[in-house]
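Undergrad:
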Amino acid sequence: MNPQLAGLEDLEGTYVFDLHTSNRAMKLNRFLWKMIGTEARAHFSKDPENAMTEAGLSDTEKDLVRRQDWIGLIRAGASFFVLEKFARVAQRTNLEVYAMMRGETFDEFMATRRVPECR
Amino acid sequence: MAKIIGGIGTSHVPTIGVAYDKGKQDDPAWAPLFKGYKPVADWLAEKKPDALVFFYNDHATTFFFDLYPTFALGIGAQFEIADEGAGKRPLPPMRGNVDLSIHIAESLVNDEFDITTFQDRPIDHGCASPLPLLWPHAPDWPGVIVPIAINVLQFPIPTAKRCYKLGQALRRAIESYPEDLKVVVVGTGGLSHQVHGERAGFNNEEWDMEFLDLFVKNPEELTKLRHADYIRRGGAESVEQIMWLAMRGALEGEIRELHRNYYLATTTAMTVTLYEPA
């Protein structure tokens, strides 16, 4: 256990991205990361199934990507910072992704914010 | 001899870049953010520093997790602004000073700070989100940046104390550079926010204010906190505030806070501060 992180076990709704997670979910994260490239984006848009197979995603991971299950992808080991690159391709804003991770509608989530018009 | 003349703390929220590119400077929801940068931009225009050293973090853009440097210094005459999935931004490449960056690399490594160097790689919103709010970019940026990336994404990440020490080592590097350059050190990130998991949207204004006060008066206290403390108090991604401590290390000693703007609109407590040595 990394002593810098000890004591977070009971912190709900938080998934620390450490080398254990990174190592386990390397293919998924690489697939999401590649969305910063125009060719990878075009390939995924045209042929998502092959793009996922070529990236070596498991059936579970493919299903999470297909359903754009953001919290499921985080639980499967995705780093938010590559997930947000895929969100751009999926035409979702970060605010929309936050709402979905919290299990709320966009309007419900924005109603909890101080300046909901700031988007 | 080069000299550090001040420090800036700033958020690097990507949405700031989006709002900037869409021209939302006067939009009532965004104006409190953009107006809050004006005094800092004015100070920079008056002081005319030659270089801004950016302690920032990459967001798995310049580097991927298969080889993720703990500390990495960019070397180049230009740094392209990265496409992060939504295409290129309408901004010129950021400018660099090859000799200055190399001197800092040599000084840090000889000072036992064995930093990684990178060249010819684009840089993401970690630098590019706040930069146009600080410096004009037309016809071109008025000075150079020295990008120093700190891993705050993939644990283990450096301790708060190690970041502070990196700042101290940076100061020795700057002050041993033979040219009479004026340098401002920028620490980016924060303040309270969490962007992943069901806890996304977490903020803690009380802690943010405590952090800003301790930052000036008693930074040592902040260097003693563990990552878990930052995560619990300010939200998971607020741990990136350890990058402010690198800036604080470079300004070691007493400092004065000349300006503070704090705007918590949706999910990140967007903050900008300006410091000068006391």
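Residue numbers (our numbering), protein chains in the order written: chain A, 251 to 369; chain B, 767 to 1044. Even for Gly, the Cβ is constructed at its ideal location relative to N, Cα and C.
1) Could you say which of B:803, B:988, B:778 and B:845 lies nearest to residue 823 of chain B if we only look at CA atoms?
2) Can you check the stretch 993-1023 of chain B for any alpha helix (DSSP H) of at least 4 residues that lies completely inside it and give the ranges in chain order?
3) Pairing CB atoms from the stretch 845-857 of chain B with CB atoms from the stretch 934-946 of chain B, are three or more of them under 8 angstroms?
4) What separation, rounded to the nearest whole angstrom, lies between the Cα atoms of residue 968 of chain B and residue 892 of chain B?
5) Quick one: list the residues of chain A neighbouring residue 967 of chain B, beta-carbon separation under 8 angstroms, in chain order.
6) Rounded to whole angstroms, how far is the Cβ of residue 753 of chain B from the Cβ of residue 281 of chain A, which I believe are closer than 8 angstroms?
7) Going residue by residue through the stretch 896-956 of chain B, where are the continuous beta strand (DSSP E) segments of at least 3 residues, counting only ones entirely within it?
8) Roughly how many angstroms separate the alpha carbons of residue 932 of chain B and residue 781 of chain B, rounded to a whole number?
9) Run the CB neighbour count on residue 1034 of chain B, radius 10 Å, all protein chains shown included, and call it buried at 16 or more, exposed below.
10) Return yes when the Cβ of residue 871 of chain B is within less than 7 angstroms of the Cβ of residue 839 of chain B, no when it is not.
11) Using only the alpha-carbon positions, how far apart do residue 277 of chain A and residue 1025 of chain B sit?
12) In the DSSP output, which residue or residues are listed as bridge partners for residue 885 of chain B?
13) So residue 274 of chain A contacts chain B; which residues on that side make the cut at Cβ distance below 9 angstroms?
14) Smallest Cα separation from residue 946 of chain B: which of B:804, B:815, B:792 and B:785?
15) Residue 988 of chain B and residue 981 of chain B look like a contact to me (Cβ under 8 angstroms); what is the Cβ gap, rounded to whole Å?
16) State the beta-bridge partners of residue 268 of chain A as determined by DSSP.
17) Is the beta carbon of residue 831 of chain B sitting closer than 7 angstroms to the one on residue 272 of chain A?
18) Taking Cβ-Cβ distances below 8 angstroms as the criterion, which residues of the stretch 925-958 of chain B are in contact with chain A?
19) Step through the CB atoms of chain A and report whether any lies within less than 7 angstroms of the CB of residue 1007 of chain B.
20) Sorted by chain position, which residues of the same chain lie with C-beta nearer than 7 angstroms to residue 1013 of chain B's C-beta, five sequence neighbours on each side aside?
21) Return no unless some Cβ of chain B is closer than 7 angstroms to the Cβ of residue 264 of chain A.
22) If you drop the 5 nearest sequence neighbours on each side, which residues of the same chain put their C-beta closer than 6 angstroms to that of residue 998 of chain B?
23) Could you give the first and the last residue of the continuous beta strand (DSSP E) run that contains residue 1038 of chain B?
24) Where do the N-terminal and C-terminal ends of the beta strand (DSSP E) with residue 296 of chain A fall, by residue?
25) Is the number of C-beta pairs between the stretch 918-933 of chain B and the stretch 336-353 of chain A that are closer than 8 angstroms three or more?
26) Quick check on residue 773 of chain B: does DSSP put it in helix, strand or coil?
27) Look at the alpha carbon of residue 907 of chain B and the alpha carbon of residue 794 of chain B, and state the distance between them as a whole number of angstroms.
28) Where does the unbroken beta strand (DSSP E) through residue 821 of chain B begin, and where does it stop?
TA: Judging by the given coordinates:
1) In the second sequence, counting from the first residue as 1, residue 823 of chain B sits at position 57. Here the closest residue by C-alpha is B:778.
2) 993-1000 and 1008-1016
3) no
4) On the second sequence, residue 968 of chain B is found 202 positions in, with the first residue counted as 1. On the second sequence, residue 892 of chain B is found 126 positions in, with the first residue counted as 1. Answer to the nearest angstrom: the Cα atoms are 21 angstroms apart.
5) Residue 967 of chain B sits at position 201 when you count from the first residue of the second sequence. In chain order: 348, 352, 359, 362 and 363.
6) The first residue shown for chain B is 767 and the last is 1044, placing residue 753 of chain B beyond what the model contains.
7) 910-916 and 948-954
8) Taking the first residue of the second sequence as position 1, residue 932 of chain B is located at position 166. Taking the first residue of the second sequence as position 1, residue 781 of chain B is located at position 15. Between residue 932 of chain B and residue 781 of chain B, the C-alpha separation is close to 29 angstroms.
9) As a first step, residue 1034 of chain B must be located in the second sequence, where it is residue number 268. Classification of residue 1034 of chain B: buried, given that the 10 Å Cβ count is 16 or more.
10) Residue 839 of chain B sits at position 73 when you count from the first residue of the second sequence. Residue 871 of chain B sits at position 105 when you count from the first residue of the second sequence. Taking 7 angstroms as the Cβ cut-off, residue 839 of chain B and residue 871 of chain B qualify as a contacting pair.
11) Stepping through the first sequence from its first residue, residue 277 of chain A is reached at position 27. Stepping through the second sequence from its first residue, residue 1025 of chain B is reached at position 259. In a straight line, the C-alpha of residue 277 of chain A is about 45 angstroms away from that of residue 1025 of chain B.
12) Sequence index remark: in the second sequence, residue 885 of chain B carries index 119 (1-based). Beta-bridge pairing links residue 885 of chain B to B:841.
13) As a working mapping, residue 274 of chain A is identified with position 24 in the first sequence. Residues of chain B passing the Cβ test: none, with the nearest at roughly 11 angstroms.
14) Against the second sequence, residue 946 of chain B aligns to sequence position 180. Cα-wise, what sits closest to residue 946 of chain B is B:815.
15) Looking up residue 988 of chain B in the second sequence gives position 222. Looking up residue 981 of chain B in the second sequence gives position 215. The Cβ separation is near 7 angstroms, so the contact holds.
16) Along the first sequence, one-based indexing puts residue 268 of chain A at 18. According to DSSP, residue 268 of chain A bridges with B:921.
17) As a working mapping, residue 831 of chain B is identified with position 65 in the second sequence. As a working mapping, residue 272 of chain A is identified with position 22 in the first sequence. Yes.
18) 925
19) Mapped onto the second sequence, residue 1007 of chain B falls at position 241. No, its Cβ sits nowhere closer than 7 angstroms to a Cβ of chain A.
20) The sequence position of residue 1013 of chain B within the second sequence is 247, counting from 1. Here the set comprises 773, 775, 821, 933, 951, 952 and 953.
21) Start at 1 with the first residue of the first sequence, and residue 264 of chain A comes out as number 14. It does; some Cβ of chain B falls within 7 angstroms.
22) Numbered from its first residue, the second sequence carries residue 998 of chain B at position 232. Hits under 6 angstroms: none found.
23) Translated into positions along the second sequence, residue 1038 of chain B becomes position 272. Looking at the DSSP string, the run of the beta strand (DSSP E) that includes residue 1038 of chain B is 1035-1043.
24) Within the first sequence, the letter at position 46 stands for residue 296 of chain A. It is not in any beta strand (DSSP E) - residue 296 of chain A instead sits in the alpha helix (DSSP H) that spans 288-296.
25) no
26) Counting from 1 along the second sequence, the entry for residue 773 of chain B is found at position 7. Correct three-state label for residue 773 of chain B: strand.
27) Residue mapping note: residue 907 of chain B aligns to position 141 of the second sequence, counting from 1. Residue mapping note: residue 794 of chain B aligns to position 28 of the second sequence, counting from 1. Roughly 27 angstroms separates the two Cα atoms.
28) In the second sequence, counting from the first residue as 1, residue 821 of chain B sits at position 55. 817-822 is the span of the beta strand (DSSP E), which, as asked, contains residue 821 of chain B.
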